[in-house]
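Here is the structure we will look at.
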Amino acid sequence: MRAFVLSGGGNLGPLQVGALRALLERDIRPQMLVGCSAGALNAAFLAREPTLEQVEHLADMWRQVTRQDVYPNGRLSVLWRFLSGQDSLYDNRRFYAFLQRIGVSPAWTFGQIQGARLYVTATNLRTGQLHVFGDDPNDRVLDALMASTALTPLHPPWTVNGERYIDGGTVTPLPLRVALERGVREIYSLHIVSAREEEEEPGLVRGVVGLLRRSVATMLRLQAQHDLLLTEERQGKIRLHHIRLSTPNPPKATDFSGEEEMFDLGYRQAVAYLEQRAGASTVSGRGSSVWWRRLAEAVGIPRRMEIPPPERQVAGQEALPPC
Numbered sequence: 002m003r004a005f006v007l008s009g010g011g012n013l014g015p016l017q018v019g020a021l022r023a024l025l026e027r028d029i030r031p032q033m034l035v036g037c038s039a040g041a042l043n044a045a046f047l048a049r050e051p052t053l054e055q056v057e058h059l060a061d062m063w064r065q066v067t068r069q070d071v072y073p074n075g076r077l078s079v080l081w082r083f084l085s086g087q088d089s090l091y092d093n094r095r096f097y098a099f100l101q102r103i104g105v106s107p108a109w110t111f112g113q114i115q116g117a118r119l120y121v122t123a124t125n126l127r128t129g130q131l132h133v134f135g136d137d138p139n140d141r142v143l144d145a146l147m148a149s150t151a152l153t154p155l156h157p158p159w160t161v162n163g164e165r166y167i168d169g170g171t172v173t174p175l176p177l178r179v180a181l182e183r184g185v186r187e188i189y190s191l192h193i194v195s196a197r198e199e200e201e202e203p204g205l206v207r208g209v210v211g212l213l214r215r216s217v218a219t220m221l222r223l224q225a226q227h228d229l230l231l232t233e234e235r236q237g238k239i240r241l242h243h244i245r246l247s248t249p250n251p252p253k254a255t256d257f258s259g260e261e262e263m264f265d266l267g268y269r270q271a272v273a274y275l276e277q278r279a280g281a282s283t284v285s286g287r288g289s290s291v292w293w294r295r296l297a298e299a300v301g302i303p304r305r306m307e308i309p310p311p312e313r314q315v316a317g318q319e320a321l322p323p324c
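Heads up: take any position in the sequence shown, counting from 1, add 1, and you land on this note's numbering.
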């Protein structure tokens, strides 16, 4: 069985969309999808039907999302929520409405998904343990996505059957263990990582925000490495394709523009990995921008903008905080 494992990555989720397109274009298709946080959104969307057409519909979802869908209101609202002792700095009701607007019905269960087996991770706030939605076919996909993306302190915990859950990346941003425990033999991990922390000298990081960002990035990197080590321990039984995805100029966490550039960049980074594994020395010359336009026209989705020239791939990266 082949699994795609999609890491968290916040508003860099479009990188995974481009990588998914590169995989499916080469007829590499999953029987299982495991997702955390932003990766859970991508996994759930693709699990309906792991096809190139569905990838384009997933891309359109990222084109639609805005800052107000995820981080509504302004600084005064954030300050009021903080001073009044709310559970988070932002309300999650608009995001809940957005998911329904793009077709995630409150009645939709994991057992109704036919394209591929789907698992979504979250963290049980009471026990601190990783919880996997999808083992129970009656689990609701909308609850799973709200739980997996509940990044504290930005978003409040999500309650399911009396238990409160927060972002799955709190335990591990790259939940390879979920695929391993369910007997897969081949894994393609789409791991969103950050070049920013690698470029910074640790001793030069200053300020509360900078130090907090560095601390969280280090914690997440170590957690992802733990799952990678679990996979390495099963060499000979598990074939792992670890595809690292990044952008040299990441947007602010609340900026949901630039998705077209990230589609293209994720595609090229995945192609580079696949061709390197196949012994090729260069990235395919196929015009990815042309591919996106033709596919969008074929499925009847209007394009909002042309894809600009791709940016170079950056080596040396650390995991991003999920959201």
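By construction, the Cβ of each residue, glycine as well, lies at the ideal position given by its N, Cα and C atoms. All values reported here derive from a predicted model rather than from experimental measurement.
Among A44, R22, D28 and L25, nearest to G10 - alpha-carbon criterion: Taking the sequence shown and counting its residues from 1, one reaches residue 10 at position 9. Minimum Cα distance to G10 is reached at A44.
Residues in the same chain with beta-carbon distance under 6 Å from P107, minus the five sequence neighbours each way, listed in chain order, please. In the sequence shown, residue 107 corresponds to position 106, counting from 1. L143.
CA-CA distance, R3 and R30? Here residue 3 refers to the residue found at position 2 when the sequence shown is read from its first residue. Here residue 30 refers to the residue found at position 29 when the sequence shown is read from its first residue. So the two alpha carbons sit approximately 8 Å from each other.
Quick one: complete alpha helix (DSSP H) runs, 4+ long, within the segment 132-210? Runs of the alpha helix (DSSP H) lying entirely within the segment 132-210, each at least 4 residues long, are 142-149, 177-182 and 197-200 in chain order.
Using the rule of at least 16 other Cβ atoms within 10 Å of the residue's Cβ for burial, across every protein chain shown, is T122 buried or exposed? On the sequence shown, residue 122 is found 121 positions in, with the first residue counted as 1. That one is buried.
When DSSP labels each residue in this structure, what does N12 get in the three-state scheme? Stepping through the sequence shown from its first residue, residue 12 is reached at position 11. If DSSP states are grouped into helix, strand and coil, N12 belongs with the helices.
G19 and G267: beta carbons closer than 9 Å? Stepping through the sequence shown from its first residue, residue 19 is reached at position 18. Stepping through the sequence shown from its first residue, residue 267 is reached at position 266. Taking 9 Å as the Cβ cut-off, G19 and G267 qualify as a contacting pair.
How big is the Cα-Cα spacing for F134 and G112? As a first step, residue 134 is located in the sequence shown; it is residue number 133 there, counting from the start. As a first step, residue 112 is located in the sequence shown; it is residue number 111 there, counting from the start. Just so you know, the alpha carbons of F134 and G112 end up roughly 11 Å apart.
DSSP beta-bridge partners of F5: Taking the first residue of the sequence shown as 1, we reach residue 5 at position 4. F5 pairs with L34 and Y189.
Classify R235 as helix, strand or coil using the three-state DSSP reduction. Along the sequence shown, read from residue 1 onward, the residue named residue 235 stands at position 234. The three-state reading of DSSP puts R235 in coil, since its state is none of H, G, I, E or B.
Express the C-alpha separation of S8 and P15 in angstroms, rounding to a whole number. The residue given as residue 15 occupies position 14 in the sequence shown. The residue given as residue 8 occupies position 7 in the sequence shown. Cα-Cα distance, rounded: 12 Å.
Endpoints, the beta strand (DSSP E) within which R245 is located: Counting from one through the sequence shown, the residue named residue 245 turns up at place 244. For R245, the enclosing beta strand (DSSP E) stretches over residues R240 to L246.
Quick check: the Cα distance between L77 and L25, rounded to an integer number of angstroms? Looking up residue 77 in the sequence shown gives position 76. Looking up residue 25 in the sequence shown gives position 24. Approximately 45 Å, taken between the alpha carbons.
Could you tell me if P249 is buried or exposed, where buried requires 16 or more neighbouring beta carbons within 10 angstroms of its beta carbon? The count along the sequence shown starts at 1 and reaches residue 249 at position 248. With fewer than 16 other Cβ atoms inside 10 Å of its own Cβ, P249 counts as exposed.
By how many angstroms is the C-alpha of R95 removed from the C-alpha of P73? Numbered from 1 along the sequence shown, position 72 holds the residue referred to as residue 73. Numbered from 1 along the sequence shown, position 94 holds the residue referred to as residue 95. Near 7 Å, if we compare the C-alpha coordinates of R95 and P73.
Determine the closest residue to R82 out of A148, Q55, D168 and H156, with distance taken between C-alpha atoms. Here residue 82 refers to the residue found at position 81 when the sequence shown is read from its first residue. Scanning A148, Q55, D168 and H156 for the CA closest to the CA of R82 turns up H156.
At the level of alpha carbons, what is the spacing between W292 and G36? Taking the first residue of the sequence shown as 1, we reach residue 292 at position 291. Taking the first residue of the sequence shown as 1, we reach residue 36 at position 35. Reliability fails at W292, whose pLDDT of 47 lies under 50, so the model's placement of it is uncertain and no value is given.
Buried versus exposed call for F5 [16 or more other C-beta atoms within 10 Å across all chains shown]: Reading the sequence shown from its first residue, position 4 is the one you call residue 5. Buried, by the Cβ-count rule.
Hey, L146 and V172 are a contact pair by Cβ (cut 8 Å); roughly how many whole angstroms apart? On the sequence shown, position 145 is the one that residue 146 refers to. On the sequence shown, position 171 is the one that residue 172 refers to. Their Cβ separation, rounded to whole angstroms, is 17 Å, which puts L146 and V172 out of contact at 8 Å.
Ignore the nearest five residues each way along the sequence and tell me which others in N12's own chain have a CB closer than 7 Å to its CB. Your numbering for residue 12 matches position 11 in the sequence shown. In the same chain as N12, and ignoring 5 residues on each side of it, the C-beta atoms closer than 7 Å to its own belong to P252, A254, D256 and F257, in chain order.
Test item: CB-CB of L181 and L231 under 9 Å: Within the sequence shown, the letter at position 180 stands for residue 181. Within the sequence shown, the letter at position 230 stands for residue 231. Yes.
Straight-line CA distance for D168 to R183? The residue given as residue 168 occupies position 167 in the sequence shown. The residue given as residue 183 occupies position 182 in the sequence shown. Those two C-alpha atoms are separated by around 21 Å.
Given a threshold of 16 other Cβ atoms within 10 Å of its Cβ, counted over all protein chains shown, does R325 qualify as buried or as exposed? Outside the shown range of the chain (2 to 324) lies residue 325, about which nothing can therefore be said.
Of the residues E234, N162 and V56, which one's Cα is nearest the Cα of D140? For the purposes of this step, residue 140 is identified with residue 139 of the sequence shown, where counting begins at 1. The candidate whose alpha carbon is nearest that of D140 is N162.
Nearest candidate by alpha-carbon position, reference L47, set A279, A117, A225 and T128: Position 46 of the sequence shown, counted from the start, is the residue given in the question as residue 47. Nearest of A279, A117, A225 and T128 to L47, Cα basis: A117.
Boundaries (first-last residue) of the beta strand (DSSP E) holding L119: Reading the sequence shown from its first residue, position 118 is the one you call residue 119. DSSP places L119 in the uninterrupted beta strand (DSSP E) bounded by R118 to N125.
In chain order, what residues of the same chain lie with their CB nearer than 6 Å to the CB of R22, ignoring the 5 residues before and after it? Stepping through the sequence shown from its first residue, residue 22 is reached at position 21. Excluding sequence neighbours, R22 sits near V56 and Y268.
Spatial distance of Q17 from K238 (CA atoms): Taking the sequence shown and counting its residues from 1, one reaches residue 17 at position 16. Taking the sequence shown and counting its residues from 1, one reaches residue 238 at position 237. Going from the Cα of Q17 to the Cα of K238 covers about 26 Å.
If you drop the 5 nearest sequence neighbours on each side, which residues of the same chain put their C-beta closer than 7 Å to that of L90? If you number the sequence shown from 1, residue 90 lands on position 89. These residues qualify, in order along the chain: V79, R82, F83, P154 and L155.
DSSP has T52 in a bridge; who is on the other side? One-based indexing of the sequence shown puts residue 52 at position 51. T52 pairs with nothing; no bridge assigned.
Taking R235 as the reference, which of A271, R245 and V185 has the closest Cα? On the sequence shown, position 234 is the one that residue 235 refers to. For the residues A271, R245 and V185, the minimum Cα distance to R235 belongs to V185.
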